[in-house]
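Read the structure below first, then the notes.
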Amino acid sequence: MFKRVFIIAAVKLVKGAKNSFKEMFKGSGDQRVRAPLLLGLIVYLEKELSEGRLFVSSPDENRGSAIALRELYIRMFSPIKFFGRQQKYGAQFHLVMVAYKHLISQVDSSQPKVKAIEASRKIAFNSVTSYSREVDIVLTNEGEEWLELKSLQMPLNKSLLKEWTGYPSKPKRGQHIHKEFFSDFLELESEDEPSLQKLSWRFQQFVSQDKKYKGPKTTDLKKIKLDERLCKVPAAAKSDVKKKTDNEHVAHTKTCESLFYSMVGVQNTKAIMKDFLDNNLLEGMEDLINAVE
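Be aware that the sequence shown starts at -6, since it is given in the numbering used here, and climbs by one per residue.
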(Lines of atoms letter the chains of each structure in order from A and count residues from 1; the text may use other names and numbers.)
(Lines give C-alpha, C1' and ligand atoms only; values in the text may rest on other atoms or scores of the structure.)
Protein backbone atom coordinates (compact mmCIF):
# COMPACT_ATOMS: atom_id res chain seq x y z
CA MET A 1 0.00 0.00 0.00
CA PHE A 2 2.00 3.03 1.26
CA LYS A 3 5.64 3.24 0.31
CA ARG A 4 7.99 2.67 3.27
CA VAL A 5 9.32 6.24 3.20
CA PHE A 6 5.81 7.66 3.64
CA ILE A 7 5.03 5.31 6.55
CA ILE A 8 8.21 6.48 8.29
CA ALA A 9 7.28 10.11 7.64
CA ALA A 10 3.75 9.57 9.01
CA VAL A 11 5.13 8.01 12.20
CA LYS A 12 7.50 10.94 12.67
CA LEU A 13 4.65 13.41 12.17
CA VAL A 14 2.49 11.62 14.76
CA LYS A 15 5.34 11.52 17.28
CA GLY A 16 5.86 15.24 16.90
CA ALA A 17 2.19 16.09 16.51
CA LYS A 18 2.14 18.68 19.30
CA ASN A 19 4.74 20.83 17.56
CA SER A 20 3.90 19.71 14.03
CA PHE A 21 0.43 21.23 14.04
CA LYS A 22 1.76 24.52 15.42
CA GLU A 23 4.35 24.64 12.66
CA MET A 24 1.78 23.49 10.12
CA PHE A 25 -0.49 26.46 10.75
CA LYS A 26 2.35 28.91 11.17
CA GLY A 27 4.09 27.87 7.95
CA SER A 28 7.68 28.66 7.05
CA GLY A 29 8.73 31.96 5.53
CA ASP A 30 9.15 30.52 2.07
CA GLN A 31 5.75 28.77 2.17
CA ARG A 32 4.07 28.99 -1.27
CA VAL A 33 0.47 28.22 -0.22
CA ARG A 34 -0.86 29.12 3.24
CA ALA A 35 -1.27 26.06 5.48
CA PRO A 36 -4.90 26.75 6.58
CA LEU A 37 -5.87 26.94 2.90
CA LEU A 38 -4.25 23.57 2.29
CA LEU A 39 -6.13 22.06 5.21
CA GLY A 40 -9.39 23.45 3.81
CA LEU A 41 -8.65 21.74 0.49
CA ILE A 42 -7.90 18.45 2.27
CA VAL A 43 -11.32 18.56 3.93
CA TYR A 44 -12.93 19.23 0.53
CA LEU A 45 -11.05 16.44 -1.27
CA GLU A 46 -11.67 13.89 1.49
CA LYS A 47 -15.40 14.65 1.35
CA GLU A 48 -15.44 14.25 -2.45
CA LEU A 49 -13.42 11.04 -2.19
CA SER A 50 -15.70 9.53 0.45
CA GLU A 51 -18.77 10.30 -1.67
CA GLY A 52 -17.26 8.70 -4.78
CA ARG A 53 -16.94 11.83 -6.91
CA LEU A 54 -13.14 12.11 -6.96
CA PHE A 55 -11.21 9.85 -9.40
CA VAL A 56 -13.10 8.16 -12.24
CA SER A 57 -10.81 5.37 -13.38
CA SER A 58 -10.82 1.62 -12.69
CA PRO A 59 -11.27 0.46 -9.06
CA ASP A 60 -7.57 -0.45 -8.84
CA GLU A 61 -6.36 2.87 -10.22
CA ASN A 62 -8.84 4.75 -8.01
CA ARG A 63 -7.35 3.02 -4.96
CA GLY A 64 -3.85 3.93 -6.15
CA SER A 65 -4.89 7.56 -6.58
CA ALA A 66 -6.39 7.67 -3.08
CA ILE A 67 -3.11 6.39 -1.65
CA ALA A 68 -1.14 8.93 -3.73
CA LEU A 69 -3.40 11.70 -2.41
CA ARG A 70 -2.64 10.79 1.22
CA GLU A 71 1.06 10.64 0.36
CA LEU A 72 0.78 14.23 -0.86
CA TYR A 73 -0.56 15.21 2.58
CA ILE A 74 2.47 13.63 4.26
CA ARG A 75 4.98 15.25 1.90
CA MET A 76 3.54 18.73 2.13
CA PHE A 77 3.40 18.85 5.92
CA SER A 78 6.68 17.06 6.64
CA PRO A 79 9.78 19.06 7.60
CA ILE A 80 11.86 20.17 4.61
CA LYS A 81 14.80 18.12 5.91
CA PHE A 82 12.79 14.93 5.42
CA PHE A 83 11.73 15.16 1.76
CA GLY A 84 13.40 18.35 0.58
CA ARG A 85 11.98 21.74 -0.41
CA GLN A 86 11.07 20.74 -3.97
CA GLN A 87 9.10 17.66 -2.86
CA LYS A 88 7.32 19.55 -0.08
CA TYR A 89 6.19 22.54 -2.11
CA GLY A 90 5.63 20.44 -5.23
CA ALA A 91 3.15 18.36 -3.22
CA GLN A 92 1.32 21.51 -2.10
CA PHE A 93 0.94 22.76 -5.66
CA HIS A 94 -0.13 19.27 -6.74
CA LEU A 95 -2.88 19.21 -4.08
CA VAL A 96 -4.14 22.67 -5.08
CA MET A 97 -4.37 21.61 -8.72
CA VAL A 98 -6.16 18.32 -7.94
CA ALA A 99 -8.77 20.26 -5.95
CA TYR A 100 -9.05 22.96 -8.64
CA LYS A 101 -9.45 20.57 -11.57
CA HIS A 102 -12.01 18.53 -9.64
CA LEU A 103 -13.98 21.62 -8.60
CA ILE A 104 -14.30 23.08 -12.09
CA SER A 105 -15.39 19.68 -13.45
CA GLN A 106 -18.18 19.64 -10.84
CA VAL A 107 -19.47 23.13 -11.65
CA ASP A 108 -19.06 22.78 -15.44
CA SER A 109 -19.87 19.36 -16.89
CA SER A 110 -17.99 20.16 -20.11
CA GLN A 111 -14.69 20.27 -18.19
CA PRO A 112 -12.58 17.09 -17.92
CA LYS A 113 -12.79 15.07 -14.72
CA VAL A 114 -9.85 14.00 -12.59
CA LYS A 115 -9.32 10.40 -13.63
CA ALA A 116 -6.19 9.64 -11.58
CA ILE A 117 -3.08 11.12 -9.98
CA GLU A 118 0.49 9.85 -9.98
CA ALA A 119 -0.77 7.45 -12.64
CA SER A 120 1.60 5.16 -14.51
CA ARG A 121 1.42 5.40 -18.31
CA LYS A 122 3.70 3.43 -20.62
CA ILE A 123 5.64 5.35 -23.28
CA ALA A 124 7.39 3.06 -25.77
CA PHE A 125 10.60 4.51 -27.20
CA ASN A 126 11.02 1.53 -29.53
CA SER A 127 10.13 -2.16 -29.70
CA VAL A 128 12.51 -2.96 -26.84
CA THR A 129 12.65 0.04 -24.51
CA SER A 130 9.81 1.84 -22.75
CA TYR A 131 9.33 4.35 -19.96
CA SER A 132 6.81 4.01 -17.15
CA ARG A 133 5.74 7.64 -16.88
CA GLU A 134 4.09 8.78 -13.65
CA VAL A 135 1.68 11.51 -14.70
CA ASP A 136 0.86 14.07 -11.99
CA ILE A 137 -2.81 14.41 -12.96
CA VAL A 138 -4.65 12.43 -15.63
CA LEU A 139 -7.84 14.15 -16.75
CA THR A 140 -10.51 12.55 -18.88
CA ASN A 141 -13.17 13.90 -21.19
CA GLU A 142 -13.44 12.12 -24.53
CA GLY A 143 -9.86 10.94 -24.11
CA GLU A 144 -7.05 11.27 -21.61
CA GLU A 145 -5.30 14.57 -20.91
CA TRP A 146 -1.99 14.68 -19.05
CA LEU A 147 -1.15 17.53 -16.66
CA GLU A 148 2.41 17.87 -15.35
CA LEU A 149 3.16 20.29 -12.50
CA LYS A 150 6.37 22.03 -11.42
CA SER A 151 6.94 24.33 -8.45
CA LEU A 152 10.27 26.11 -8.97
CA GLN A 153 11.43 29.41 -7.54
CA MET A 154 13.16 32.27 -9.29
CA PRO A 155 15.79 32.55 -10.53
CA LEU A 156 15.20 29.27 -12.34
CA ASN A 157 17.96 26.81 -11.59
CA LYS A 158 19.36 25.77 -14.96
CA SER A 159 21.04 22.78 -13.33
CA LEU A 160 17.55 21.24 -13.14
CA LEU A 161 17.08 21.72 -16.89
CA LYS A 162 20.02 19.79 -18.26
CA GLU A 163 19.82 17.82 -21.51
CA TRP A 164 19.03 14.13 -21.13
CA THR A 165 22.24 12.72 -22.54
CA GLY A 166 21.87 9.03 -21.65
CA TYR A 167 18.78 8.15 -23.71
CA PRO A 168 17.10 5.72 -23.19
CA SER A 169 18.83 5.00 -19.87
CA LYS A 170 18.07 6.54 -16.49
CA PRO A 171 18.70 10.30 -16.53
CA LYS A 172 21.53 11.81 -14.53
CA ARG A 173 21.06 14.51 -11.91
CA GLY A 174 19.24 17.51 -13.36
CA GLN A 175 18.07 15.68 -16.51
CA HIS A 176 14.68 14.44 -15.29
CA ILE A 177 12.63 17.42 -16.51
CA HIS A 178 14.02 17.12 -20.03
CA LYS A 179 13.36 13.37 -20.05
CA GLU A 180 9.76 13.89 -18.93
CA PHE A 181 8.92 16.59 -21.46
CA PHE A 182 10.72 14.90 -24.36
CA SER A 183 8.86 11.66 -23.60
CA ASP A 184 5.48 13.36 -23.22
CA PHE A 185 5.77 15.24 -26.51
CA LEU A 186 7.09 12.16 -28.32
CA GLU A 187 4.03 10.23 -27.17
CA LEU A 188 1.74 13.07 -28.27
CA GLU A 189 3.31 13.32 -31.72
CA SER A 190 3.15 9.56 -32.28
CA GLU A 191 -0.65 9.64 -32.30
CA ASP A 192 -2.53 9.56 -35.61
CA GLU A 193 -4.29 12.83 -34.76
CA PRO A 194 -2.22 14.68 -32.13
CA SER A 195 -4.26 16.98 -29.90
CA LEU A 196 -2.65 19.76 -27.88
CA GLN A 197 -5.36 19.27 -25.27
CA LYS A 198 -3.75 15.99 -24.30
CA LEU A 199 -0.62 17.58 -22.85
CA SER A 200 -0.27 20.49 -20.41
CA TRP A 201 2.66 21.53 -18.24
CA ARG A 202 2.15 24.19 -15.58
CA PHE A 203 4.77 26.01 -13.48
CA GLN A 204 3.49 27.51 -10.24
CA GLN A 205 3.40 31.30 -10.16
CA PHE A 206 3.55 32.36 -6.51
CA VAL A 207 4.93 34.82 -3.98
CA SER A 208 6.13 33.22 -0.73
CA GLN A 209 4.62 34.00 2.66
CA ASP A 210 7.61 36.21 3.60
CA LYS A 211 7.55 37.88 0.14
CA LYS A 212 11.18 36.87 -0.47
CA TYR A 213 10.61 34.17 -3.08
CA LYS A 214 8.49 33.94 -6.20
CA GLY A 215 7.72 31.55 -9.01
CA PRO A 216 8.30 32.20 -12.70
CA LYS A 217 6.15 34.15 -15.12
CA THR A 218 5.83 33.13 -18.78
CA THR A 219 8.39 35.80 -19.66
CA ASP A 220 10.87 34.08 -17.31
CA LEU A 221 10.39 30.77 -19.11
CA LYS A 222 11.01 32.48 -22.43
CA LYS A 223 14.04 34.34 -21.11
CA ILE A 224 15.93 31.08 -20.48
CA LYS A 225 14.64 29.63 -23.79
CA LEU A 226 12.84 26.79 -22.09
CA ASP A 227 11.34 25.69 -25.40
CA GLU A 228 14.78 25.08 -26.90
CA ARG A 229 15.96 23.26 -23.78
CA LEU A 230 13.02 20.87 -23.48
CA CYS A 231 12.28 20.33 -27.18
CA LYS A 232 15.82 19.20 -27.95
CA VAL A 233 15.96 15.59 -29.17
CA PRO A 234 18.65 13.53 -27.40
CA ALA A 235 21.31 12.46 -29.90
CA ALA A 236 20.67 8.76 -29.34
CA ALA A 237 16.90 9.21 -29.81
CA LYS A 238 16.94 10.56 -33.38
CA SER A 239 16.22 7.25 -35.12
CA ASP A 240 13.47 6.37 -32.62
CA VAL A 241 11.82 9.75 -33.19
CA LYS A 242 11.77 9.06 -36.93
CA LYS A 243 10.26 5.59 -36.49
CA LYS A 244 7.68 6.68 -33.94
CA THR A 245 6.50 9.93 -35.54
CA ASP A 246 7.48 9.59 -39.23
CA ASN A 247 9.35 12.90 -38.86
CA GLU A 248 13.04 13.66 -38.89
CA HIS A 249 14.35 14.89 -35.56
CA VAL A 250 14.86 18.44 -36.90
CA ALA A 251 11.20 18.70 -37.97
CA HIS A 252 10.10 17.16 -34.66
CA THR A 253 12.05 19.80 -32.74
CA LYS A 254 10.66 22.67 -34.84
CA THR A 255 7.10 21.43 -34.30
CA CYS A 256 7.73 21.19 -30.57
CA GLU A 257 9.13 24.71 -30.35
CA SER A 258 6.28 26.19 -32.39
CA LEU A 259 3.66 24.61 -30.10
CA PHE A 260 5.58 24.82 -26.85
CA TYR A 261 3.81 27.74 -25.17
CA SER A 262 0.44 26.32 -26.12
CA MET A 263 1.31 23.35 -23.91
CA VAL A 264 3.54 24.96 -21.27
CA GLY A 265 2.59 27.91 -19.09
CA VAL A 266 2.30 29.22 -15.55
CA GLN A 267 -0.54 28.81 -13.05
CA ASN A 268 -1.25 31.65 -10.64
CA THR A 269 -2.07 30.22 -7.20
CA LYS A 270 -4.01 33.26 -5.99
CA ALA A 271 -6.30 33.16 -9.04
CA ILE A 272 -7.16 29.55 -8.22
CA MET A 273 -7.94 30.41 -4.61
CA LYS A 274 -10.31 33.16 -5.73
CA ASP A 275 -12.11 30.61 -7.92
CA PHE A 276 -12.52 28.44 -4.81
CA LEU A 277 -14.08 31.40 -2.96
CA ASP A 278 -16.42 32.13 -5.87
CA ASN A 279 -17.71 28.56 -5.57
CA ASN A 280 -18.16 28.74 -1.78
CA LEU A 281 -15.10 26.65 -1.02
CA LEU A 282 -12.67 27.98 1.63
CA GLU A 283 -15.42 30.30 2.86
CA GLY A 284 -14.20 32.52 5.69
CA MET A 285 -10.60 32.47 4.48
CA GLU A 286 -10.84 35.60 2.35
CA ASP A 287 -8.24 37.48 4.40
CA LEU A 288 -5.70 34.70 4.00
CA ILE A 289 -6.25 34.57 0.25
CA ASN A 290 -6.07 38.35 -0.12
CA ALA A 291 -2.76 38.30 1.74
CA VAL A 292 -1.29 36.21 -1.07
CA GLU A 293 0.23 38.21 -3.94
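All C-beta atoms, glycine included, are put in the ideal place defined by N, C-alpha and C. Just so you know, these numbers come straight off a predicted model, no measurement behind them.
Residue pairing of S113 in beta bridges, as defined by DSSP: E127. In the three-state reduction of the DSSP assignment, G159 falls in the coil class. In the assembly as shown, G33 is a buried residue. Its beta-carbon has 16 or more other beta-carbons within 10 Å. One thing to note: K106 has its Cβ within 8 Å of the Cβ of L132.
Secondary structure at S193: strand, using DSSP grouped into helix, strand and coil. Within the model, the alpha-carbon separation for K231 versus F118 is close to 11 Å. Of all alpha-carbon atoms in Q24, F199, K207, G57, the one lying nearest the alpha-carbon of P72 is that of Q24. Under the three-state reduction of DSSP, G258 is assigned to strand. Around the beta carbon of E156, 16 or more other beta carbons lie within 10 angstroms, which makes this residue buried. Closest in C-alpha terms to A28, from the list K81, R46, D268, V100, comes K81. Residue pairing by DSSP places L132 opposite V107, E138 in a beta bridge. In the three-state scheme derived from DSSP, where H, G and I count as helix and E and B as strand, K207 is classed as strand. Secondary structure note for P72: it is in no alpha helix (DSSP H), with a DSSP letter that is neither H nor E. Leaving aside the five residues that flank L274 on each side, the residues in its chain whose CB is nearer than 7 Å to its CB run, in chain order, Y37, L96.
The three-state secondary structure of V89, taken from DSSP, is helix. Excluding five sequence positions before and after F86, the CB atoms of its chain that fall closer than 6 Å to its own CB belong to L142, S144, Q197, given in chain order.
With 16 or more other Cβ atoms from the protein chains shown falling within 10 Å of its own Cβ, D129 counts as buried. Here D203 really is in contact with G22; their C-beta atoms are around 4 Å apart, less than 8 Å. As the crow flies, the alpha-carbon of T158 is around 25 Å from that of Q146.
K237 is bridged by DSSP to nothing; it lacks a bridge partner. Annotated three-state conformation of K143 is strand, per DSSP. Each residue's CA atom was taken as its position, placing S255 and V234 some 21 Å apart. Shown here for P52: not one same chain residue has a beta carbon closer than 6 Å to its own, the five before and five after excluded. Within the same chain, and ignoring the five residues on either side of I217 in sequence, the residues whose Cβ sits closer than 8 Å to its Cβ are L149, K151, L154. In this structure, DSSP gives Q24 a state outside helix and strand, which the three-state scheme calls coil. Sorting P227, E173, K236 by C-alpha distance to the C-alpha of E184 places K236 at the top. Taking the Cα of H171 as reference, the smallest distance to any Cα among N55, M69, R222, L30 is reached at R222.
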